[in-house]
Amino acid sequence: MRIKLNSSSSSKKKKSGIGSKIGMSLFFFVFLAMGLAFCFFIVQDTIQTFKTYAWHETECTITSSSVSTGGGENPYEPRIKYNYKVQGVTYTSDKVSRKSQGYSNYGKANRIALKYPVGGKATCYVNPEQPREAILKKDGPWVMFFVLIPLIFVLVGGGGLYGTWKPDGDSDTDDDSSDTKSGESISKGSSKANGPMIATVIFGVVFAGGLCAAYFWSVKTLVKVHVANSWPEVECTIESSRVQTHEGDDGDTYSVDILYRYEYEGRMYRSNKYKFIGGSSSGYSGKRKVVNDHPVGSKKKCYVNPDEPSEAVLRRGFTPDLLLLLIPVVPLLIGFFGFSYTVKKLFLRQVAPETPDWMPIIDAEIRDGKMILKPKTSPASKMIGILIFWIIWSLIVYFMISANIKGNGPPILMTVIFSLFEIGITFGLIHTLLSMFNAKPILSISTLEPRLGSSFILSYALKGRVSSISKLKITIEGREEATYQRGTNTVTDKSTFSTINVVDTSTESEFSAGSKEIDIPADSMHSFVASHNKIIWSIKVEGVIERWPDIKEEFPLVIFPVK
Numbered sequence: 020m021r022i023k024l025n026s027s028s029s030s031k032k033k034k035s036g037i038g039s040k041i042g043m044s045l046f047f048f049v050f051l052a053m054g055l056a057f058c059f060f061i062v063q064d065t066i067q068t069f070k071t072y073a074w075h076e077t078e079c080t081i082t083s084s085s086v087s088t089g090g091g092e093n094p095y096e097p098r099i100k101y102n103y104k105v106q107g108v109t110y111t112s113d114k115v116s117r118k119s120q121g122y123s124n125y126g127k128a129n130r131i132a133l134k135y136p137v138g139g140k141a142t143c144y145v146n147p148e149q150p151r152e153a154i155l156k157k158d159g160p161w162v163m164f165f166v167l168i169p170l171i172f173v174l175v176g177g178g179g180l181y182g183t184w185k186p187d188g189d190s191d192t193d194d195d196s197s198d199t200k201s202g203e204s205i206s207k208g209s210s211k212a213n214g215p216m217i218a219t220v221i222f223g224v225v226f227a228g229g230l231c232a233a234y235f236w237s238v239k240t241l242v243k244v245h246v247a248n249s250w251p252e253v254e255c256t257i258e259s260s261r262v263q264t265h266e267g268d269d270g271d272t273y274s275v276d277i278l279y280r281y282e283y284e285g286r287m288y289r290s291n292k293y294k295f296i297g298g299s300s301s302g303y304s305g306k307r308k309v310v311n312d313h314p315v316g317s318k319k320k321c322y323v324n325p326d327e328p329s330e331a332v333l334r335r336g337f338t339p340d341l342l343l344l345l346i347p348v349v350p351l352l353i354g355f356f357g358f359s360y361t362v363k364k365l366f367l368r369q370v371a372p373e374t375p376d377w378m379p380i381i382d383a384e385i386r387d388g389k390m391i392l393k394p395k396t397s398p399a400s401k402m403i404g405i406l407i408f409w410i411i412w413s414l415i416v417y418f419m420i421s422a423n424i425k426g427n428g429p430p431i432l433m434t435v436i437f438s439l440f441e442i443g444i445t446f447g448l449i450h451t452l453l454s455m456f457n458a459k460p461i462l463s464i465s466t467l468e469p470r471l472g473s474s475f476i477l478s479y480a481l482k483g484r485v486s487s488i489s490k491l492k493i494t495i496e497g498r499e500e501a502t503y504q505r506g507t508n509t510v511t512d513k514s515t516f517s518t519i520n521v522v523d524t525s526t527e528s529e530f531s532a533g534s535k536e537i538d539i540p541a542d543s544m545h546s547f548v549a550s551h552n553k554i555i556w557s558i559k560v561e562g563v564i565e566r567w568p569d570i571k572e573e574f575p576l577v578i579f580p581v582k
């Protein structure tokens with residue numbers, strides 16, 4: 020089979036017209052301007068925040084402390100007034116921080132107010148240049164890290180402008196001068212030397228973000244949901260109840276906002292936490308039903324955190340929206356496996372710097388002039404992957420069943436469906452665990468550069484429970500993978516263009532070890548990797564075992580072009 024690949028380096032590059040450059044420049048200039056503008060505002064805000072770190076500490080007296088209720092999406096704002104003296108002159112301020120704000124959660128605003136009781140002493144920070152200006156707390160410096168977001172726009176815009184107008188370093192040459200040996204033109208046409216490094220950084224950021232989100236949002240929320248089952252139950256009175264509307268570009272979303280008061284250990288508190296997952300979503304009728312079930316003046320049961328009495332919730336236990344806590348798991352796993360893969364690829368590129376970018380590099384061991392191949396996915400990696408998924412799914416089912424036992428869980432049918440999936444995943448986990456005790460195939464080839472039109476010796480050996488195998492099959496397969504868009508979906512088509520049988524036997528004496536000379540057809544296609552097309556060669560080992568998981572391993576193989 021012949022496959023012809025076109026390379027941009029094997030033909031003259033067409034010069035971009037001035038009109039095209041102007042159009043691209045306008046596009047990238049918008050990115051650059053937006054990024055610089057946002058960077059400017061964030062840097063300015065950060066400078067103002069850091070200025071407050073030089074303000075003088077001064078003792079102040081709290082004269083009033085409460086939570087005001089207004090309108091909008093963040094209606095609850097701590098209102099605190101305090102007096103302080105500077106050089107014998109008494110001043111009054113009501114600024115909590117430089118950027119005083121409201122909250123959608125009454126509890127957050129109330130905790131700030133409770134921190135500053137009337138008549139109490141506190142430390143405030145006074146602007147030495149304007150003594151009338153003071154704050155009770157300094158904003159954190161973490162806001163400066165938000166500059167990284169618009170900085171991406173700056174890099175895209177600036178890089179695009181540079182790439183559009185930079186001088187073309189390639190001189191015009193005759194077509195004959197671009198003739199190269201097989202595979203050489205593809206190498207010259209590549210400019211992806213920094214690809215693995217960039218991908219490593221991107222996956223590292225995705226993993227770090229997923230890890231932070233998983234801990235600070237998912238884990239902490241799940242722990243609180245579990246602990247709340249032992250919170251004491253008290254009677255509360257509904258003070259206000261409404262469906263809050265949040266306007267957005269893609270339509271309005273809605274949330275439940277129910278403010279209630281309750282008494283705990285002789286002290287009155289307020290809260291508007293309905294359940295542990297906040298936020299808004301589409302679907303007005305469901306929120307309206309909740310609000311109708313909690314009319315103003317009605318008495319309800321709420322559950323109070325004994326360690327922090329200002330925190331209470333109307334509905335504890337499992338709610339279907341707790342499944343949203345699985346969202347951080349997606350970037351966490353993508354980032355982890357992507358980072359691991361790209362770091363490994365980056366290391367291999369450093370070991371073999373002369374290998375062209377379009378040629379894949381495999382992880383292998385060189386011993387006595389032979390190449391010892393490694394499987395595409397090790398049994399341990401398979402086990403870790405399915406174990407992580409099993410643990411996450413088991414926690415979900417645990418919370419669902421626990422909530423159902425307490426009478427505040429999701430619908431029984433939903434719990435049954437999730438439990439059935441749990442049983443299936445458990446069987447998969449057991450299957451993977453048992454397969455780890457299978458005989459381990461070890462493959463080696465007699466050359467470091469197997470090429471089209473050449474031959475090499477493929478040696479195999481199985482270490483472990485060889486006696487349990489009833490049939491062994493080893494094949495070398497070449498396949499083409501093409502990725503393209505079909506409507507809004509990304510589709511990858513796979514087509515096997517070459518299959519070479521190495522071993523297909525039921526003779527037990529041939530299971531332990533063997534070797535065979537392999538001829539690679541000259542008219543086939545060498546290994547190749549691009550963004551949307553791949554030519555992949557691999558060696559597949561399949562061992563049939565009665566009443567036990569079969570052996571199924573794939574070993575990547577790189578086939579070089581004809582010299």
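For the sequence shown, the numbering used here begins at 20 and goes up steadily by one.
Ideal Cβ placement from N, Cα and C applies to all residues, glycine included.
Asked: Proximity winner among K582, P568, E561 and N552, relative to R470 (alpha-carbon distances); Found: K582
Asked: Coil, strand or helix - V577 by DSSP; Found: coil
Asked: Pair within 8 Å by beta-carbon distance, S485 and S531; Found: With the sequence shown as reference, residue 485 is identified as Val, and Ser is not the correct amino acid for it. Yes, the Cβ-Cβ distance between V485 and S531 is below 8 Å.
Asked: CA-to-CA distance, Y360 to G354, given in whole angstroms; Found: 10 Å
Asked: Coarse secondary structure for F547, derived from DSSP in three states; Found: strand
Asked: Counted within 10 angstroms of its Cβ, other Cβ atoms place Y181 as buried (16 or more) or exposed; Found: exposed
Asked: Candidates R130, F57 and P136: closest to L167 by CA position; Found: F57
Asked: For K513, the residue or residues it bridges with in DSSP; Found: E500
Asked: Rounded separation between T77 and L133 - CA only; Found: 20 Å
Asked: Beta bridge counterpart(s) of M390 as assigned by DSSP; Found: I385 and I464
Asked: Residue span of the beta strand (DSSP E) that contains L477, given as start and end; Found: S474 to K482
Asked: Nearest-angstrom Cα separation, counted from I391 out to A4; Found: Residue 4 lies beyond the residue range present for the chain, which begins at 20 and ends at 582; the question has no answer from this structure.
Asked: Any non-hydrogen atom of the ligand NAP closer than 7 Å to I436 Cβ; Found: In terms of ligand content, the structure shown is empty, and the ligand NAP therefore cannot be addressed.
Asked: Nearest to V349 (by Cα), restricted to the options A227, S489 and V62; Found: A227
Asked: Below-8 Å beta-carbon distance, D538 vs any chain C residue; Found: Note that chain C does not occur in the displayed structure, where there is just one protein chain.
Asked: Classification of K185 by the beta-carbon crowding that lies within 10 angstroms, buried from 16 upward; Found: exposed
Asked: Integer Cβ distance of S301 from T272, believed to fall under 8 Å; Found: 6 Å
Asked: Distance, A331 Cα to L55 Cα; Found: 44 Å
Asked: Three-way DSSP call (helix, strand, coil) for Q63 in this model; Found: helix
Asked: Check whether A233 and L351 have beta carbons under 8 Å apart; Found: yes
Asked: Residues sharing a beta bridge with S260, DSSP; Found: I277
Asked: Between the CA atoms of N520 and T219 - distance to the nearest angstrom; Found: 37 Å
Asked: Nearest to L491 (by Cα), restricted to the options Q504, T526 and A501; Found: T526
Asked: Buried versus exposed call for D189 [16 or more other C-beta atoms within 10 Å across all chains shown]; Found: Confidence is the limiting factor: at D189 the pLDDT is only 44, short of 50, which leaves the residue's position unreliable and the question unanswerable from this model.
Asked: Contact check, I257 vs P169, beta carbons under 8 Å; Found: no
Asked: Segments assigned alpha helix (DSSP H), at least 4 residues, entirely inside the segment 83 to 113; Found: none
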